[in-house]
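Written out below as structure tokens is the structure these notes cover.
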Amino acid sequence: MITFAVIAIIIILSCILCTTRIFSGIKDDRLRSIPGPTGYPFIGNILQFITTPDNIWNRFRDLAKEYYPIYKYYHMSIPVVNILCPEDIKIVLSSSTHITKSEIYHVLEPWLGTGLLTSTGQKWQHRRKLLTPTFHFNILQQFVLTFNEHTQVLIKQLKDECSKPSTNVIPLIAETTLRSICETAMGIRLETNNDFSQEYMKSVYRLGELIVQILVYPLYQISVILIFTSTYWEHQKLIKILHKFSTNVIKKRKENFKENTDKKRRMALLDLLITAQKSAKSISDQGIREEVDTFMFEGHDTTTACISFTLMLLACHANVQNKVVDELKIIFADSKRMPTFNDLQNMHYLEQVLKESLRIYPSVPFISRVAEEDFQTSSNYTIPKGTILQIHIYDLHHNKEFFSNPEEFDPERFSAENSKGRHPFAHIPFSAGPRNCIGQRFAFLEVKTIISSILRNFELLPIDTPSSVQIISHLVLKSKRGINIKFLERK
73 MITFAVIAII IILSCILCTT RIFSGIKDDR LRSIPGPTGY PFIGNILQFI TTPDNIWNRF
133 RDLAKEYYPI YKYYHMSIPV VNILCPEDIK IVLSSSTHIT KSEIYHVLEP WLGTGLLTST
193 GQKWQHRRKL LTPTFHFNIL QQFVLTFNEH TQVLIKQLKD ECSKPSTNVI PLIAETTLRS
253 ICETAMGIRL ETNNDFSQEY MKSVYRLGEL IVQILVYPLY QISVILIFTS TYWEHQKLIK
313 ILHKFSTNVI KKRKENFKEN TDKKRRMALL DLLITAQKSA KSISDQGIRE EVDTFMFEGH
373 DTTTACISFT LMLLACHANV QNKVVDELKI IFADSKRMPT FNDLQNMHYL EQVLKESLRI
433 YPSVPFISRV AEEDFQTSSN YTIPKGTILQ IHIYDLHHNK EFFSNPEEFD PERFSAENSK
493 GRHPFAHIPF SAGPRNCIGQ RFAFLEVKTI ISSILRNFEL LPIDTPSSVQ IISHLVLKSK
553 RGINIKFLER K
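Counting in our numbering, the sequence shown runs from 73 upward without gaps.
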């Protein structure tokens with residue numbers, strides 16, 4: 073009985089804290105003047121988001137259309153301002169002031185710690201400076217060799233799929249990108265169909281679902297309630313699996329680092345971190361794991377989404393697919409060789425295709441910041457210091473003002489001529505400004521390697537289409553039922 077009483081007291085105190093935070097936001101008239109859906113005392117707009125992941129996704133799209141260029145809602149105790157206009161987004165992302173990620177990212181910290189994605193201030197600046205050399209031109213050239221090796225394994229797998237009426241490409245692409253990121257970033261090679269890698273992929277996906285649940289359900293915001301739920305314990309179990317994976321990767325690389333100090337080998341992100349630890353002691357074991365986990369997350373799931381949606385769009389648009397194939401014929405002629413770094417740089421039309429695919433289906437559909445000082449928007453609203461800001465990249469990319477017929481797939485939007493005069497913050501699949509994605513050149517090289525190799529070997533026929541695919545709210549853009557394509561081997 074005493075235990076229940078203690079729990080009840082803690083819950084009441086937590087609710088009081090939440091209530092205090094609600095009113096601290098509501099009392100600011102500057103926030104009150106921003107339009108948005110009507111909420112309720114104490115719980116804000118949370119009831120509108122307690123629904124299925126696909127309905128949550130659709131709800132945000134409706135709000136963006138109804139309230140453009142700015143709206144607010146209350147996530148229980150927290151006022152959240154959503155900015156949709158490129159000029160306002162520029163104010164936030166181009167600033168060296170508004171670099172702090174919002175509380176939304178805190179739910180990632182049990183998994184990712186405070187690495188490059190989630191840290192701020194001096195720690196973020198130090199980690200960014202430490203990791204930037206990893207993406208130097210010379211190191212990226214080495215990575216292409218690894219991309220090619222893993223892509224060839226994928227090609228063999230896809231040849232076996234040609235006899236089937238359709239193939240869900242996501243599991244195959246996910247396995248390929250996981251093996252690539254594991255070797256290029258961590259220096260460890262996973263075997264195909266490795267049980268450990270399969271468990272990792274399933275754990276990443278399921279953890280993403282649980283994190284969305286924790287963000288959406290109001291009672292889960294109160295830790296003393298969350299810890300008594302099955303969601304919490306499954307969340308903890310999955311984090312242990314993921315941490316075990318990264319810890320093993322680090323351990324193996326450290327052993328390999330000792331044994332091969334004087335031998336030539338391909339550089340990996342982890343080598344840089346281990347060297348920094350040994351020479352300047354500028355990063356701890358925990359810090360190394362934070363960056364390992366961050367790169368495994370950011371370099372695996374996001375790339376899988378980009379490749380999968382791009383393949384679907386190419387399957388649905390034979391004219392675009394043929395134009396990419398023509399470009400590849402100019403580069404390779406009849407040669408069966410694998411692409412070099414320079415070959416990938418010359419795939420200009422394929423790059424247009426990727427930019428358009430990432431416009432329609434941005435791998436990271438939203439990002440979030442905290443206003444570190446008061447600022448004025450282009451629509452004359454004042455955003456108070458401390459306000460959580462959300463930038464819905466998906467809605468930005470589907471803005472008719474900057475992209476006519478935004479649902480239409482048209483890579484010509486990103487030709488040199490058609491790109492002139494477009495607002496520089498109208499298309500930001502890798503974010504922008506000081507906290508833009510550090511690995512975007514890495515990502516483009518990997519994606520080009522995989523897609524160009526697939527198109528040189530297979531013709532893609534549509535099974536799933538943009539109208540049949542259901543997008544769901546997740547950490548990374550996801551299709552509810554996978555992405556199915558028919559593969560025909562090219563003669």
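In this text, a Cβ means the ideal position worked out from N, Cα and C, and glycines have one as well.
From a predicted model like this one, the values you see are computed outputs, not experimental measurements.
- A distance below 6 Å between beta-carbons, with the five flanking residues on each side excluded, links I128 to the following residues of its chain, in chain order: F121 and S545.
- With fewer than 16 other beta carbons inside 10 angstroms of its own, E489 counts as exposed.
- Fully contained in the segment 362–389 are the following alpha helix (DSSP H) runs of length 4 or more, in chain order: 373–388.
- Per DSSP, the beta bridge partners of F438 are H464.
- Counting every other CB atom within 10 Å of its CB across the protein chains shown gives F481 a total of 16 or more, marking it as buried.
- When secondary structure is reduced to three states using DSSP, K173 falls in the strand class.
- The beta carbon of I555 sits closer than 8 Å to those of N240, V241, I242, S380, F381, L383, M384, D536 and V541, all from its chain and outside the five residues before and after it, given in chain order.
- Using a 10 angstroms sphere on the CB of S525, the tally of other CB atoms reaches 16 or more, which defines it as buried.
- R199 sits close to G187, with the two beta carbons spaced by under 8 Å.
- Residue pairing by DSSP puts I150 in a beta bridge opposite H147.
- L103 sits away from T366, with the two beta carbons spaced by 8 Å or more.
- Where E531 is concerned, the enclosing beta strand (DSSP E) starts and stops at F530 to P534.
- A direct Cα-Cα distance of roughly 31 Å separates N477 from I510.
- In the three-state reduction of the DSSP assignment, K472 falls in the coil class.
- Counting of Cβ neighbours within 10 angstroms places W305 among the exposed residues, the total staying below 16.
- Note that the segment 142–160 touches the segment 495–514; at least 3 beta-carbon pairs, one per stretch, sit closer than 8 Å.
- The closest CA to that of K395, considering only S174, D126 and M419, is found on M419.
- By a beta-carbon distance limit of 8 Å, G108 contacts K144. Their separation comes to about 4 Å.
- Rounded to the nearest angstrom, the gap between the Cα atoms of K137 and V519 is 32 Å.
- At least 8 Å separates the beta-carbon of S238 from that of I439.
- Nearest C-alpha to E362 among F514, L217, W183 and Q214: W183.
- In this structure, F447 keeps its C-beta atom at 8 Å or more from the C-beta atom of I142.
- A straight-line Cα-Cα distance of about 12 Å links P113 and P151.
- A direct Cα-Cα distance of roughly 12 Å separates V321 from R251.
- Here L165 is not near A443, since their CB atoms are 8 Å or more apart.
- With contacts defined as CB atoms closer than 8 Å, L202 and A348 qualify as a contacting pair.
- The segment 252–261 makes contact with the segment 218–235, as at least three CB pairs between them are under 8 Å.
- The residue from M339, I297 and Y140 with its alpha-carbon nearest to that of H208 is M339.
- In chain order, E561 place their CB closer than 7 Å to the CB of K231, counting only its own chain and leaving out the 5 sequence neighbours on each side.
- If you ignore the 5 residues before and after F530, its C-beta comes within less than 7 Å of the C-beta of L230, F559, L560, E561 and R562, all in its own chain and listed in chain order.
- The beta-carbon separation of K173 and T204, rounded to 19 Å, does not stay under the 8 Å limit for a contact.
- A Cβ-Cβ contact shorter than 8 Å links P483 with E428.
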